[in-house]
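The opening position of the sequence shown corresponds to residue 1 in the UniProt record's numbering, with each subsequent residue numbered one higher. In this text, a Cβ means the ideal position worked out from N, Cα and C, and glycines have one as well.
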Amino acid sequence: MEDLFFMGGPIFMSILTILLIILCAWIIYHLFVFFKIKQLNKDKCLRLIKYGKSIGLFALIIGIFAQLIGFYQAFSAIEKASDISPAMVYAGIKTSMVSTLYGILIYLFSIMLWFVASIIIERKS
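Next up, the structure:
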């Protein structure tokens, strides 16, 4: 797992991990406020929970951006080199997809959390 983290680029993978932590904290905090403190009405809480889905979408976009930067760096290296084997190109493409896959997983997790949280809020009120 640690190998994938460093393969995907520690800067972008760290940003994606921070976004994952923020996403979980955001949804858990607003569920806690809705149930325990009761300062929010149902509609406002559902709107705030939906922002968690936007955080997941932002993580997906960051993952795609990291892949595009990886493609740019790989193509620049291919341009400078004279003889590149296809296996080397495929390995570069595989490496560039790690951050995108992580971003997609974070987005899917955010949709799942949003769905479960909205069902819990709807049933509670």
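Beta carbon of residue i nearer than 8 Å to that of residue j
{"i": "Trp26", "j": "Gly52", "result": "yes"}
{"i": "Ile104", "j": "Leu60", "result": "yes"}
{"i": "Ser96", "j": "Ala74", "result": "yes"}
{"i": "Val98", "j": "Leu4", "result": "yes"}
Inter-residue Cα distance where the pair is residue i and residue j
{"i": "Ala77", "j": "Lys42", "result": "54 Å"}
{"i": "Gly56", "j": "Ala87", "result": "33 Å"}
{"i": "Met7", "j": "Leu48", "result": "34 Å"}
{"i": "Tyr29", "j": "Cys45", "result": "11 Å"}
{"i": "Tyr102", "j": "Met112", "result": "15 Å"}
{"i": "Leu20", "j": "Arg123", "result": "26 Å"}
{"i": "Leu22", "j": "Lys50", "result": "Position check: residue 22 holds Ile in this sequence, whereas Leu was assumed. Computed Cα separation, rounded: 14 Å."}
{"i": "Phe65", "j": "Met1", "result": "21 Å"}
{"i": "Ser110", "j": "Ile119", "result": "14 Å"}
{"i": "Ile11", "j": "Val33", "result": "33 Å"}
{"i": "Ile93", "j": "Gln39", "result": "49 Å"}
{"i": "Ile84", "j": "Thr100", "result": "24 Å"}
Counted within 10 angstroms of its Cβ, other Cβ atoms place residue i as buried (16 or more) or exposed
{"i": "Phe35", "result": "exposed"}
{"i": "Met13", "result": "buried"}
{"i": "Phe58", "result": "buried"}
{"i": "Ala91", "result": "exposed"}
{"i": "Tyr72", "result": "exposed"}
{"i": "Ile18", "result": "exposed"}
{"i": "Leu31", "result": "buried"}
{"i": "Ile106", "result": "buried"}
{"i": "Ile37", "result": "exposed"}
Could you give the uninterrupted runs of the beta strand (DSSP E) lying entirely in the UniProt domain "MotA/TolQ/ExbB proton channel" (47 to 112), keeping only those of 3 residues or more?
none
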